[in-house]
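Residue numbers (this note's numbering): 37 to 159. Note that the Cβ used here is the ideal one computed from N, Cα and C, for glycine as well. It should be emphasised that the depicted structure is a prediction, and the values quoted were computed from it without experimental measurement.
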């Protein structure tokens with residue numbers, strides 16, 4: 037990172053599935069831009085310069101998703117992917133209280149295909 041004194045948080049829909057455990061079926065995503073080696077290498081380059089994947093700091097479980105396609109009953113089958121992320125500089129990561137995925141909004145009528153990822157940091 038250029039300036040380690042500036043706390044930095046980057047969050048949003050990255051459209052990258054970082055690891056096999058971040059999708060319901062890795063074979064189904066082979067060749068897709070979300071799971072291509074080039075995309076994963078870009079993600080890893082951010083980790084290699086010092087950013088942390090906020091969700092994975094305290095949660096290493098598989099099948100923790102932020103997106104379910106509207107097609108084919110993906111939500112009902114829990115055929116999701118984790119593509120919404122927070123990347124944290126060490127200064128923010130040290131102050132992180134929690135990072136959770138709130139699935140409840142996705143179960144509502146006319147819901148977004150994404151569900152919120154919630155980051156809490158200490159002052």
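Query	Result
Boundaries of the alpha helix (DSSP H) in which residue 134 is found, first to last residue	Note, residue 134: premise wrong, no alpha helix (DSSP H); beta strand (DSSP E) at 132 to 137.
Chain-order list of residues whose beta-carbon lies under 6 angstroms from that of residue 155 (same chain, five-residue window excluded)	90, 122, 135
Local conformation of residue 122 per DSSP, three classes	strand
First and last residue of the uninterrupted alpha helix (DSSP H) at residue 74	73 to 84
Span separating the alpha-carbon of residue 124 from that of residue 86	8 angstroms
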